[in-house]
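Here my numbering is used: the first residue of the sequence shown is 547, the next is one more, and so on. Note that CB positions come from ideal geometry on N, CA and C, so glycine has one too. As structure tokens, the structure follows; a few thoughts come after it.
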Amino acid sequence: MDDCTHPPGLDEACGRHGVRRKGNRCIVPATSRLNGLHESVQPDSLIRLAFRQQTMASSSSHMYWKKGGRAVAPAPPLMTVDDYFTNTPETVRPAELAFGVLRVAESPTPRHQSAVAELFRALDAHVRAGARGKVWLAPLDVVLNEPRALIVQPDVFFISNEREWIVKDRIRGAPDLVVEVLSPNLRIGRVEEHIEWFAEYGVRECWLVHQDHRSVTVIRFDGRCVAERRIYDRRARIESSVLPEFSACLDDILE
């Protein structure tokens, strides 16, 4: 056992860390358990840590101490959909809510946005000609699942007349068709992660446009699973189960 002078007002804090009083002094084990970590400490350093922890606990319930006396803030609390729409500042940067975790990416490049605009124009012209529904483009939030706090911002997406009921104050539900431009990756998140979400929450079809390879991967979903994947090169006519009359190749769409 080692002993040290006991600073006033630390009885409770010292007790939590195995420090016991003896008159005006305290007895400190040479090896103590702090924050779940076993480490050998000098008596005075144990008291300092106890004091710091007591101070932090009284000032904030959201801070804790790790080995080395370094203050670390915990992960931010998970957000709800209402939190996202109410408390998140408006921005044109890509953002999504992944099961309560806010993700924000850098602004897209001109090359990426040029491809998004050209795809939007091609799909919008086709959809308008047949009065099939409406085509939208980012940044626009799509609430895939409200209870699970899942919100995405696809580059381009189509909502048919049959699903127009999902367009309310926000878009609350799965689009029929989602188009994501990879340049070379998604603006935010991972491709396979998003594909799983689209399948799980009712998207019928997803196009992945590979700018570097000048190709399109068309993914058809059925029963919350990937039913089919087809790759079309730049000169192949894209076939869509959602828009069966659409007939264009990537070279027709992209400059």
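Give me the DSSP bridge partner(s) of residue i.
| i | result |
| --- | --- |
| VAL737 | In the DSSP output, where bridge partners are listed per residue, VAL737 has none listed. |
| ASN691 | LEU696 |
| HIS672 | According to DSSP, which records beta bridges pairwise, HIS672 is partnered with nothing at all. |
| GLY679 | SER706 |
| ILE717 | VAL688 and VAL713 |
How about residue i: is its C-beta nearer than 8 Å to some C-beta of chain B?
| i | result |
| --- | --- |
| LEU728 | In the structure shown, chain B does not exist; there is a single protein chain. |
Based on Cα-Cα distance, which residue from the options lies nearest to residue i?
| i | options | result |
| --- | --- | --- |
| LEU732 | GLN757, VAL713, VAL749 and ILE712 | GLN757 |
| VAL650 | PRO640, GLN659 and PHE767 | PRO640 |
| ASP670 | VAL702, LEU648, ARG716 and GLU801 | VAL702 |
| ILE765 | ARG780, LYS680 and GLU738 | GLU738 |
| LEU690 | TRP743, PHE631 and GLY769 | TRP743 |
| ALA782 | SER761, ILE712, VAL788 and ILE717 | SER761 |
| ARG780 | HIS759, ILE697, LEU789 and VAL772 | HIS759 |
| ILE741 | PHE767, PRO693 and LEU686 | PHE767 |
| ARG736 | ASN633, PRO700, THR626 and VAL713 | PRO700 |
| ARG776 | ALA794, TRP753, LEU789 and MET625 | TRP753 |
| LYS714 | LEU789, LEU624, VAL688 and ARG667 | VAL688 |
The alpha helix (DSSP H) that contains residue i, what's its start and end?
| i | result |
| --- | --- |
| VAL627 | 627-633 |
| LEU542 | In this structure the chain extends from 547 to 801, so residue 542 is not present and cannot be described. |
| ASP798 | 796-799 |
Which residues in the same chain as residue i place their Cβ atom closer than 7 Å to its Cβ, once the five residues preceding and following it in sequence are excluded?
| i | result |
| --- | --- |
| ILE734 | PRO640, GLU642, ARG649 and ALA651 |
| LEU800 | ALA661 and GLU664 |
| ASP797 | ARG780 and ARG781 |
Quick check on the burial criterion: 16 or more other C-beta atoms within 10 angstroms. Buried or exposed for residue i?
| i | result |
| --- | --- |
| PHE645 | exposed |
| ARG750 | buried |
| VAL647 | exposed |
| GLU726 | buried |
| PRO622 | exposed |
| PRO721 | buried |
| VAL638 | exposed |
| ALA745 | buried |
| SER653 | exposed |
| GLY676 | exposed |
| ILE784 | buried |
| ALA684 | buried |
| ILE717 | buried |
| ASP628 | exposed |
Go to residue i, then tell me how far its beta strand (DSSP E) extends in each direction, as first and last residue.
| i | result |
| --- | --- |
| ASP878 | Given that the chain is displayed from residue 547 to residue 801, the structure contains no residue 878 and the question cannot be resolved. |
| ILE777 | 771-779 |
| LEU732 | That residue, LEU732, is in no beta strand (DSSP E); it is neither H nor E in DSSP. |
| LEU754 | 751-756 |
| ALA644 | 641-644 |
For residue i, I'd like the list of residues in its chain whose CB is within less than 6 Å of its CB, leaving aside the five on either flank, ordered along the chain.
| i | result |
| --- | --- |
| PHE792 | HIS672 and SER786 |
| ARG770 | ALA745 and GLU746 |
| PRO730 | ASP758 |
| GLU708 | none |
Given residue i, which residues of its chain have a CB within under 8 Å of its CB, disregarding the five upstream and five downstream residues?
| i | result |
| --- | --- |
| SER604 | Annotation note: pLDDT 39 at SER604 (below 50); position unreliable, coordinate value reported separately. Hits under 8 Å: none found. |
| ALA773 | ARG766 and PHE767 |
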